[in-house]
Amino acid sequence: MVGFGVVVPVLPVYVRSFGVGYLEIGAVVSAFALMRFVASPFCGRLIDWLGERTLLAIGIGIVALSSALVGLAGSYVEILLLRGAGGIGSAMFTVSAMTLLLRSTPASSRGRSVGFYQGGFLLGGMAGPAIGGVLATVSLTAPFFFYAGTLAVAGLVGLVLLQRGAVEDSGAPAPAELPLRSVLRDPRFRAACLANFANGWTSLGVRSALIPVLVVEVLSGTAAWTGAAFAIAAVVQTIALGPAGRFVDTVGRKPAILGAYTVAAATILAISIAPNFAILTVLLCVYGIAAAFMGTAPAAAVGDATAGARGGRPVAVFSMTSDLGAIAGPLVAGWLVDVASFPAAFGVAAVFLLIAALSALRMPREAPPAE
5 MVGFGVVVPV
15 LPVYVRSFGV
25 GYLEIGAVVS
35 AFALMRFVAS
45 PFCGRLIDWL
55 GERTLLAIGI
65 GIVALSSALV
75 GLAGSYVEIL
85 LLRGAGGIGS
95 AMFTVSAMTL
105 LLRSTPASSR
115 GRSVGFYQGG
125 FLLGGMAGPA
135 IGGVLATVSL
145 TAPFFFYAGT
155 LAVAGLVGLV
165 LLQRGAVEDS
175 GAPAPAELPL
185 RSVLRDPRFR
195 AACLANFANG
205 WTSLGVRSAL
215 IPVLVVEVLS
225 GTAAWTGAAF
235 AIAAVVQTIA
245 LGPAGRFVDT
255 VGRKPAILGA
265 YTVAAATILA
275 ISIAPNFAIL
285 TVLLCVYGIA
295 AAFMGTAPAA
305 AVGDATAGAR
315 GGRPVAVFSM
325 TSDLGAIAGP
335 LVAGWLVDVA
345 SFPAAFGVAA
355 VFLLIAALSA
365 LRMPREAPPA
375 E
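In my numbering, the protein residues as written are 5 to 375.
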């Protein structure tokens, strides 16, 4: 995730250097998420054919190669196509990694395992932009080669550490694959997918797309203010991941989803009417704490619904819901700001979060898992 963070601050500037407009810049960003969404349904079947370990390595390899080629691109069209290819590889390795994680961890520690996994993404997301800024002083293409290099190292480490059959040999054999239809009927899985969609819409879409504009146009701040607020909130969220994982494992997935998504709904609505930067930062920190639970409880619920069975299709569907929210969220929220107001856009996000919270009421009450 450090590598991904490295290219985030550089990609729009690099694309702009090819003499294109802001719409074309947005298309490059959207191409990655769109192809992730398109590729995710096929990842489950590929996991059945190839296994998590092999697909993870292939996916990382595709993203590494496409990122290096972006640094060598000679035209805008090449960048657009290569970023789309990177989205396909990203879907492969994220779905296979989450499938492997959920299948190889017992229910009693699944929340903490997901929290640790999410923590790696957060830490990389915080450190990456700083490294990318330094590399950009050398060349606008340097971050892409750095990204490719970090992915190559990660792929090699994965191939070495994830020995074939390690999951099966470490304990009892995993259950046979559950039919997707059976998983879709499980209220835990349905609640997790609704929660993931709402999280994608709000966290990856509305929060990232509109808060920077809110800071500049409503609070008369600067982009540096936005970066500082996001960084502080990310630190708070990272610290909260450990307690969130323990809560999810000991108290349960259901109360975690119900409580976290309710708090997030109230917070995201309050952010839209924050009177100053200080209060905005506090609200972002509160949202970060809720997001720590939002990132762990739904994924753990998916692991419970699949009961550690083989097959990546349920995880692929779960991943798609977040991608769908991340694609539609910024578009709808931006349109609502144009035709109505910031509170209207944030209010719709709050409604989705509340729907996700209410969906948890249909989840069965969990017995505390045995250690």
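We put the beta carbon where it would ideally sit given N, CA and C, even for glycine.
Distances from the alpha-carbon of residue 270 to those of 337, 228 and 355 put 355 closest. With fewer than 16 other Cβ atoms inside 10 Å of its own Cβ, residue 23 counts as exposed.
When rounded, the separation of the alpha-carbon atoms in residue 367 and residue 116 is 20 angstroms. The C-alpha of residue 365 is placed about 18 angstroms away from the C-alpha of residue 307. Excluding the 5 residues flanking it on each side, residue 278 has same chain C-beta neighbours closer than 7 angstroms at 284 and 287, in chain order. Looking at the backbone, the Cα of residue 139 and that of residue 146 are separated by about 6 angstroms.
The C-alpha of residue 272 is placed about 8 angstroms away from the C-alpha of residue 351. Here DSSP, grouped into helix, strand and coil, assigns residue 135 to helix. Counting every other CB atom within 10 Å of its CB across the protein chains shown gives residue 158 a total of 16 or more, marking it as buried.
Residue state for residue 253 is assigned as helix, using DSSP reduced to three classes. Note on residue 343: under 16 other CB atoms within 10 angstroms of its CB, so exposed under the neighbour-count rule. Here the alpha carbon of residue 233 sits roughly 12 angstroms from the alpha carbon of residue 280. Residues of the same chain with their beta carbon placed closer than 7 angstroms to that of residue 46 are lacking, with the five preceding and five following residues left out of the count.
In the same chain as residue 262, and ignoring 5 residues on each side of it, the C-beta atoms closer than 6 angstroms to its own belong to 361 and 364, in chain order. Under the three-state reduction of DSSP, residue 226 is assigned to coil, being neither helix nor strand. Considering only 333, 337, 326 and 348, the residue with the shortest C-alpha distance to residue 95 is 326. Between residue 323 and the set 42, 17 and 19, the nearest pair of CA atoms involves 42. Between residue 118 and residue 353, the C-beta gap is not smaller than 8 angstroms, which leaves the two residues out of contact.
For residue 301, same chain residues with a beta-carbon under 6 angstroms away, outside a window of 5 residues either side, are 252, 257, 260 and 261 in chain order.
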